[in-house]
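Enquirer:
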Amino acid sequence: MTAAPTATSAAETSAVPLLDLRGIGKSFPGVRALHEVKFSLQPGEVHALMGENGAGKSTLMKIIAGVYRKDEGEIRVSGQPQDIGSPTAAQQLGIGIVHQELNLMNHLSCAHNIFIGREPRKLGGLLLDEERINQGAQKLFDRLRLRLDPRTRVGELSVARQQMVEIAKALSFESRVLIMDEPTAALNNAEIDDLFTIIRQLRDEGVGIVYISHKMDEIQRIADRVTILRDGQYIDTVPAASTPMERIIALMVGRELAQTTPDIPDTSGQPVLLEARNIRRGRMVQDVSLTLRAGEIVGLAGLMGAGRTELARAIFGADARDGGEILVRGVKQNIRSPQDAVRAGIGYLSEDRKHFGLALGMDVQANTGLADMAQFVRGGFWLDEGKLAKTATDMVQRLRIKTPGIQQNVRLLSGGNQQKVVIAKWLVRDCDILFFDEPTRGIDIGAKAEIYRLLQDLAAQGRAIVVISSELPEVLRLSHRVLVMCEGRLTGEIPGALATQENIMRLATLRAA
Amino acid sequence: MDTAAPSKLKRLLGADARQKLLAFASLLALIAIFGALKPDAFLTEENVVGILQATSVNGVLAVACTFVIITAGIDLSVGVLMTFCSVMAGVFMVNWGLPMAVGVPGAIAVGALMGCASGLTITKLRVPPFIATLGLMMLLKGLSLIITGTRPIYFSDIEGFDAIALGTLIPGLPNGVLVFALVAGVSAIVLNKTLLGRYTFALGSNEEAVRLSGVNVDRWKIIVYAYSGAVCGIAGLMMASRLNSAQPALGQGYELDAIAAVVIGGTSLAGGVGTILGTVIGAFIMSVLVNGLRILSVAQEWQMVLTGLIIILAVYTDNLRRKRQH
Amino acid sequence: MDTAAPSKLKRLLGADARQKLLAFASLLALIAIFGALKPDAFLTEENVVGILQATSVNGVLAVACTFVIITAGIDLSVGVLMTFCSVMAGVFMVNWGLPMAVGVPGAIAVGALMGCASGLTITKLRVPPFIATLGLMMLLKGLSLIITGTRPIYFSDIEGFDAIALGTLIPGLPNGVLVFALVAGVSAIVLNKTLLGRYTFALGSNEEAVRLSGVNVDRWKIIVYAYSGAVCGIAGLMMASRLNSAQPALGQGYELDAIAAVVIGGTSLAGGVGTILGTVIGAFIMSVLVNGLRILSVAQEWQMVLTGLIIILAVYTDNLRRKRQH
Amino acid sequence: AEPYIPLISKGFQHQFWQAVKAGAEKAGADYKVKVTFEGPETEQQVDKQMDMLTAALAKKPAAIGFAALDSKAAIPLLKKAQAEKIPVIAFDSGVDSPIPVTTATTDNVAAAGLAADKMAALIGGEGEVAVVAHDQTSTTGVGRRDGFVNRIKAKYPKIKVVDIQYGGGDHLKSAEIAKTLLLAHPKLKGIFGTNEGSAVGVGKGVKEAGKKVVIIGYDSGKDQKAMIMDGTIAGAITQNPVGIGYKTVEAAVKALKGEKLPKIIDTGFYWYDKTNMTDPKIAAVLYD
Ligand SMILES: Nc1ncnc2c1ncn2[C@@H]1O[C@H](COP(=O)(O)OP(=O)(O)OP(=O)(O)O)[C@@H](O)[C@H]1O
Ligand SMILES: Nc1ncnc2c1ncn2[C@@H]1O[C@H](COP(=O)(O)OP(=O)(O)OP(=O)(O)O)[C@@H](O)[C@H]1O
Ligand SMILES: [Mg+2]
Ligand SMILES: [Mg+2]
């Protein structure tokens, strides 16, 4: 599409921004996603892009990466005006991207996923050179300190590892501009540290990095400058080091956020809602027992692959259990499918909204009602559209879901707003026992606070809540009690008041002898 | 945050309806072309009734397929199942001498039962729909021949049976067309206004998400296939009534016409999207095309070539329309 | 965290291969059953060669389908395209008198070209594969009849043409079987060792991801369909050589047998998964079944019923095997 | 054990082939031989017929009955039968080869010619007629179509065949075709349906359209006979399918005994209408 970038001297490059965007506008049917947005990126800079869910961050990045076409505005790459018409064109301009949503081919190996489109070949281009492909991937993994066989099929990996593969792929392009759209949403602290080491390395090599995240602490750790978007509009660009977090948050949400300090209620006298005894499933869940009382929020912490998701899925009946029993309010329940679980009053909000949470292709309204259609049926089978619409509208307002209407296809919502729709679905179902698996993944700071308040309300109303989260501050802030898992076993329990990052991490790495 | 609901009217018509109007336009275009080329034969009342009648069986089968296709499944057995139901109608009424009041619902029940069998194979044995219904197709084809001894069963002695398709409650309009209209109307309501319809779309949209929402996915899928099977049963009765006989060797190949009608009507084979109105229009596009080419005495070979081209074209223009909406 | 690489041997066999061995076991079971019931007829050299020969055309078509199905597409035109290629072989060699050295590659090129046409319709016109290939099927059926004037073209005067399928380079084994083996072998290499194969899997796994990786998705998809079309061309030559004639009305329905073989062989209609070896075994399961039932003189109606049941069963047990691996 | 005689036919689902099968089985019972009968699903599947013949030969039969879809394609297999000294009896349309010891057949072309003569007589020797054929490539379909059309061309210059359409022997499709024919050709005086499904379908279509044209049918079957009785169909040609089947097996038995056989066993064809349907000679060759 365009010629290779012209060679420029080091001095010139530092003067000319790698990326210079002006007056960018983009509309989707019913949504003006971007309006008059400007953005620039210098070589050797980490530039954070911040904003609430649906602010337009991903849309802006997709325009740079050639996925969407801008409606208006100008893009300059190294000073040259460019019309980036396709992902290939972006690649040729030296722009690499880690998308917010995973874009992997599950049936292919990690190595092939990384080198798709650029496979080394042998025998005059006739055959694939598997060896070089695998070696190349191994090198990238080593750099990321990722212990993973490049020949493993991507579909067999956990979300976190898939995310790491995506990052490895983006690195492999050796781009001059690297865009990372919420790369750490699925990662734990150790992995984030490794990633940051690499980002700093790249930065020192002169690569420009656009970094999107909703985790405020990361911004302070890694970013040089911060650009803030709100409702598709450019708000401001500020230096990261000298700007207080409160100020950035205020710019993002356009209002001051009240910090809620959790008070830990005494739930020891409350009735036991759920008792899971000796739950087993394969290697990932080995003989786990837990008890949940009405009114408590239990944090379930652990490293990636600790088996938290598997435990929740096993209790929920999503996967077959190898053993163990489940009692709800003291009554033994034979839970063999999600249907049984929901009937017994157990809900589970999956960590993977795209595959397990949403009926993509249906509208907000339909998704909201999906877990409890019985509520919206008259005479056994007639849909009560009116009631459904009312409920959906309520939820949109209550959770501040940014959508042009309840009839908007959820596929077209921003990632964070999709997550809110999944939460709405479970709020409608109103289960007594709720497992939230990474409930704030990809959710902005304002909404996060709302969700925390929501979880606290739910608990206060006498429900039992389990929050699985890889963000320790979140676990610490919410939990009345913290359970820690490591390698499929429960390694300890810490009362909320005594929990610290340190003692949680100690239990999370407590391997079996 | 603009959550303002679209106006009532716009919702009633909606993007879908607008698209359907456009699909309707290509049907009208087809009619206009044939009408212009041979007005005295094509646009006669007689031929219009003929087209309506010719559409009805394929139309009913297409309606049956629509449900299954919206769940992202496919049903290759519809044609042969139709035949099997007509054979069973013959067994009930002719061989066993049961009255029509039993035989007719009986044949529909057989259809529903076979639909259940597909559904069970797909859900419980985890056989993909293509293979499950292909297997059922072969099986039913054989069974129809075995049950009848490869001879047609004649309904000549069943008083009033021919009225199902050929009677004229509305003067000049064969009842078969009414049955088609009724089946389409009821199915449109089922698809849009009932729980079954909602789950049909949801299954096609993301089955795993539906399952994790605590819905008994298997049960609803079986019900969808059973509903589709029952509709095939109705098609079987229409066919038997019109031919006054159950022809055991008929039916294979009808599924492709039905599926083509569904897809021309804008239903996506990937699931989650579709309307009955679109299917009805799709079925009419197919039969107007065949009828028009026959009226023009186009040689059969060329009929095939043109039908192939126009099916592709119809789906292509449908895509164009959708794109323009973005 | 288990990053230990699987042993070389295990990788060579792998989960896939293990599964294939089991599929092979059910083929052997079928052979054992028929062999036990009628050893003097079923296990004769004559019959074994007959089975090999009967498998070869469907097997080659199934290989063609395998590529398309792995991309999560479907090709309904394979049977009719085969016929069209045999007709074109007749046109080249009999009607125009071109030598075999031109006519044979010519027929294969025609197949590739028609595959391209499917691919272009699917990618550029955004018509789903089911409809694109259904349309092409109708179109080619008509064209074959038009070109031949609905009469077979006989190759009697083409010296050596019958050797393609009927000659015996290896004494006792018809060349058609060798051609099948060759096509399967080459296709297995293409699928596993080349860029085309890699993209075939990638497209079926997540087309959008491939597109976002900057790969020209359309081009590769067209190449896949062209490859499949070329293989259909080879099938057309085998068929023409075996029948010593191009039969213009043959071919419809063969696509279902081919697809069934592919799915029985463990290739997923959802795309991303599949092997040529599995397809070959699937094709043999189908033909051993038909042959065995014939040898046992099972009535044709019952053959249909049993084939239907066994296809479902074969895919079911395949699922069982896969599940057990987890 | 009883000698085994498989019959490889062109089809098995049509009534015609079922009648052949019935005749063959009757002869099997009479002569105490084991008879099986099979044919491909459509008359285009030449290769499937080859596979059937291969499997039949593998069963070491005493003799084989064979109705070739394409005789040239079958020659290698027939040679093999000859080499193994298995007598081959051709039936229905003949096999274009010297290998079969005899052929039990009727002449489709001549029979359809008779249909043309009857049509001409019934419409008064002039006007437009059309053909609804069951197939445009099989020998039966082509023979009957061409027999009819060529006789009209040769003998009746004032009659014009205005359209030939194919309904695959499917009743419903044939009925739809008949209705459009009537509309496209308002002056149409007669339609020839080339097999049972075509004839009955045409009858239904004409009835539904409420028109009156001369319909000539082919083969028999309950519906067709009823339509002839009520005057919808003027009359039909019937071959003697039961006879074909019977004679084929009978000839095979004779060949096994080494008896000499004529080159052709003509089982004949007949015109039947309301007037002669109950005639025992006709009734014997009709089937339901
Ligand atoms: N393809 C699309 N069609 C219609 N609307 C879209 C599309 N993509 C994004 N939008 C809308 O554009 C707006 C901006 O979305 P975008 O994904 O850029 O948000 P974001 O800032 O990345 O949010 P998040 O933090 O939740 O990821 C949202 O309102 C979203 O609903
Ligand atoms: N579909 C799958 N197939 C194979 N292995 C899987 C699959 N899903 C997860 N795993 C593996 O199971 C292990 C446990 O994953 P799980 O998601 O339960 O962990 P977790 O504690 O919830 O961690 P995370 O923070 O990643 O959600 C991981 O090592 C992962 O590789
Ligand atoms: Mg985003
Ligand atoms: Mg998890």
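Chains as they are written, first to last, in this note's numbering: chain A, 1 to 513; chain B, 1 to 326; chain C, 1 to 326; chain D, 1 to 288. Every residue gets a Cβ at the ideal spot worked out from N, C-alpha and C, and that includes glycine. No experiment lies behind these values; they were computed from the predicted model shown.
Please classify residue 162/A as buried or exposed, where buried requires at least 16 neighbouring CB atoms within 10 angstroms.
Expert: Residue mapping note: residue 162/A aligns to position 162 of the first sequence, counting from 1. By the 10 Å Cβ count, residue 162/A comes out buried.
Enquirer: Please state the DSSP three-state secondary structure of residue 271/D.
Expert: Sequence index remark: in the fourth sequence, residue 271/D carries index 271 (1-based). In this structure, residue 271/D counts as strand in the three-state DSSP scheme.
Enquirer: Determine the burial state of residue 41/A: buried for a count of at least 16 other Cβ atoms within 10 Å of its Cβ, exposed for fewer.
Expert: Start at 1 with the first residue of the first sequence, and residue 41/A comes out as number 41. Counting every other CB atom within 10 Å of its CB across the protein chains shown gives residue 41/A a total of 16 or more, marking it as buried.
Enquirer: Contact between the stretch 176-188 of chain A and the stretch 438-456 of chain A: three or more CB pairs below 8 angstroms?
Expert: Enough Cβ pairs lie closer than 8 angstroms, so yes.
Enquirer: On the DSSP bridge list, what partners appear for residue 485/A?
Expert: For the purposes of this step, residue 485/A is identified with residue 485 of the first sequence, where counting begins at 1. 302/A, 490/A, per the DSSP bridge assignment.
Enquirer: For residue 181/A, is the beta carbon positioned less than 7 angstroms from some heavy atom of ligand 3?
Expert: Residue mapping note: residue 181/A aligns to position 181 of the first sequence, counting from 1. At least one heavy atom of ligand 3 is found less than 7 angstroms from the C-beta of residue 181/A.
Enquirer: Suppose contacts are defined by Cβ-Cβ distances below 8 angstroms. Is residue 228/D in contact with residue 221/D by that definition?
Expert: The count along the fourth sequence starts at 1 and reaches residue 228/D at position 228. The count along the fourth sequence starts at 1 and reaches residue 221/D at position 221. For residue 228/D and residue 221/D, no; Cβs fall outside 8 angstroms.
Enquirer: Start and end of the alpha helix (DSSP H) containing residue 187/B?
Expert: Taking the first residue of the second sequence as position 1, residue 187/B is located at position 187. Counting along the chain, the alpha helix (DSSP H) containing residue 187/B begins and ends at 175-193.
Enquirer: Got a sec: is the Cβ-Cβ distance from residue 275/C to anything in chain A below 8 angstroms?
Expert: The sequence position of residue 275/C within the third sequence is 275, counting from 1. Output row for residue 275/C: interface = no.
Enquirer: I want to see whether chain D comes within less than 8 angstroms of residue 175/B, judged by CB atoms only; does it?
Expert: Numbered from its first residue, the second sequence carries residue 175/B at position 175. Taking Cβ atoms only, chain D never reaches closer than 8 angstroms to residue 175/B, which makes this a no.
Enquirer: Distance, Cα to Cα, residue 116/B vs residue 229/B?
Expert: The residue you call residue 116/B lines up with position 116 of the second sequence. The residue you call residue 229/B lines up with position 229 of the second sequence. In a straight line, the C-alpha of residue 116/B is about 8 angstroms away from that of residue 229/B.
Enquirer: Measuring only the C-alpha atoms, how far is residue 160/A from residue 486/A?
Expert: Position 160 of the first sequence, counting from 1, holds the residue named residue 160/A. Position 486 of the first sequence, counting from 1, holds the residue named residue 486/A. Approximately 16 angstroms, taken between the alpha carbons.
Enquirer: Based on Cα-Cα distance, which residue from 216/D, 183/D, 287/D lies nearest to residue 42/B?
Expert: Along the second sequence, read from residue 1 onward, the residue named residue 42/B stands at position 42. Of the candidates 216/D, 183/D, 287/D, the one whose C-alpha sits nearest the C-alpha of residue 42/B is 183/D.
Enquirer: Is any heavy atom in ligand 1 found nearer than 7 angstroms to the beta carbon of residue 59/A?
Expert: Taking the first residue of the first sequence as position 1, residue 59/A is located at position 59. Yes, the beta carbon of residue 59/A sits closer than 7 angstroms to at least one heavy atom of ligand 1.
Enquirer: Should the stretch 24-37 of chain B be called in touch with the stretch 275-290 of chain B, which here means at least 3 C-beta pairs below 8 angstroms?
Expert: In short, these stretches touch, since the Cβ pair count reaches three.
Enquirer: Quick one: any contact between the stretch 152-170 of chain B and the stretch 244-263 of chain B, if contact means 3 or more CB pairs under 8 angstroms?
Expert: The stretch 152-170 of chain B vs the stretch 244-263 of chain B: in contact.
Enquirer: I want to verify the contact list: residues of chain D whose CB lies under 8 angstroms from the CB of residue 283/C, in sequence order.
Expert: To locate residue 283/C, count along the third sequence from 1; it is residue 283. What residue 283/C touches in chain D, judged by beta-carbon distance under 8 angstroms, is nothing: the nearest beta carbon there is about 13 angstroms away.
Enquirer: Assess contact between the stretch 302-311 of chain B and the stretch 229-238 of chain B, defined as three or more Cβ pairs (one per stretch) separated by less than 8 angstroms. Is contact present?
Expert: no
Enquirer: Can you give the beta carbon distance from residue 483/A to residue 303/A, rounded, assuming they're within the 8 angstroms contact cut?
Expert: The residue you call residue 483/A lines up with position 483 of the first sequence. The residue you call residue 303/A lines up with position 303 of the first sequence. About 14 angstroms; that fails the 8 angstroms criterion.
Enquirer: Compare the C-beta of residue 169/B with all C-beta atoms of chain D and state if any pair is closer than 8 angstroms.
Expert: By one-based count along the second sequence, residue 169/B stands at place 169. Taking Cβ atoms only, chain D never reaches closer than 8 angstroms to residue 169/B, which makes this a no.
Enquirer: What are the start and end residues of the alpha helix (DSSP H) that includes residue 280/A?
Expert: Locating residue 280/A in the first sequence gives position 280, counting from the first residue. Premise fails: residue 280/A lies in the beta strand (DSSP E), 272-281, not in any alpha helix (DSSP H).
Enquirer: Indicate the three-state DSSP secondary structure (helix, strand or coil) for residue 53/B in the structure shown.
Expert: Residue numbering aside, residue 53/B sits at position 53 when the second sequence is read from its first letter. In the structure shown, residue 53/B sits in a helix (DSSP, three-state: H, G or I).
Enquirer: Do you know how far the Cα of residue 102/D is from the Cα of residue 265/D?
Expert: What you label residue 265/D is simply residue 265 of the fourth sequence in a count that begins at 1. What you label residue 102/D is simply residue 102 of the fourth sequence in a count that begins at 1. Cα-Cα distance, rounded: 7 angstroms.
Enquirer: If the cut-off is 8 angstroms on Cβ atoms, which residues from the stretch 201-214 of chain C count as contacting chain A, listed in chain order?
Expert: 201, 202, 204, 205, 206, 208, 209, 210, 211, 212, 213, 214
Enquirer: Under 7 angstroms Cβ-Cβ, which residues of chain C neighbour residue 91/A?
Expert: Along the first sequence, read from residue 1 onward, the residue named residue 91/A stands at position 91. Result: 214.
Enquirer: Can you list the alpha helix (DSSP H) stretches of 4 or more residues lying completely in the stretch 62-135 of chain A, in chain order?
Expert: 87-92, 110-115
Enquirer: For the pair the stretch 14-25 of chain D and the stretch 240-248 of chain D, tell me if three or more CB-CB distances fall below 8 angstroms.
Expert: Yes, the stretch 14-25 of chain D touches the stretch 240-248 of chain D.
Enquirer: Who are the Cβ neighbours of residue 71/C in its own chain at under 7 angstroms, not counting the five residues just before and after it?
Expert: Here residue 71/C is taken as the residue at index 71 of the third sequence, counted from 1. Scanning its chain for C-beta atoms nearer than 7 angstroms, with the 5 sequence neighbours on each side dropped, one finds around residue 71/C the residues 200, 203, 204, 221, 224, 271, in chain order.
Enquirer: Using Cβ-Cβ distances below 8 angstroms, what residues of the stretch 124-146 of chain B are close to chain C?
Expert: 125, 126, 127, 128, 130, 131, 132, 134, 135, 136, 137, 138, 139, 140, 141, 142, 143, 145, 146
Enquirer: Using a Cβ-Cβ cutoff of 8 angstroms, what residues of the stretch 165-193 of chain D are near chain C? List them in chain order.
Expert: none
Enquirer: Going straight from the alpha carbon of residue 318/B to that of residue 68/B, what length do you get?
Expert: As a working mapping, residue 318/B is identified with position 318 in the second sequence. As a working mapping, residue 68/B is identified with position 68 in the second sequence. Going from the Cα of residue 318/B to the Cα of residue 68/B covers about 21 angstroms.
Enquirer: Please list, in chain order, the chain D residues whose beta carbon lies closer than 9 angstroms to that of residue 50/C.
Expert: As a first step, residue 50/C is located in the third sequence; it is residue number 50 there, counting from the start. Under the 9 angstroms cutoff, chain D gives 51, 54, 55, 57, 58.
Enquirer: Check each candidate in 296/B, 162/B, 308/B, 285/B and name the one with the smallest Cα separation from residue 27/B.
Expert: Residue mapping note: residue 27/B aligns to position 27 of the second sequence, counting from 1. Relative to the Cα of residue 27/B, the nearest Cα in the group 296/B, 162/B, 308/B, 285/B belongs to 285/B.
Enquirer: Please classify residue 260/D as buried or exposed, where buried requires at least 16 neighbouring CB atoms within 10 angstroms.
Expert: Sequence index remark: in the fourth sequence, residue 260/D carries index 260 (1-based). The residue in question, residue 260/D, is exposed, as its Cβ has fewer than 16 Cβ neighbours within 10 Å.
Enquirer: Taking buried to mean at least 16 other C-beta atoms within 10 Å of its own C-beta, is residue 73/B buried or exposed?
Expert: Sequence index remark: in the second sequence, residue 73/B carries index 73 (1-based). By the neighbour-count rule (16 or more Cβ atoms within 10 Å), residue 73/B is buried.
Enquirer: Under 7 angstroms Cβ to Cβ from residue 62/C, same chain only, skipping five residues before and after it: list those, please.
Expert: Working through the third sequence from its first residue, we reach residue 62/C at position 62. 258, 261, 262, 279, 282, 283.
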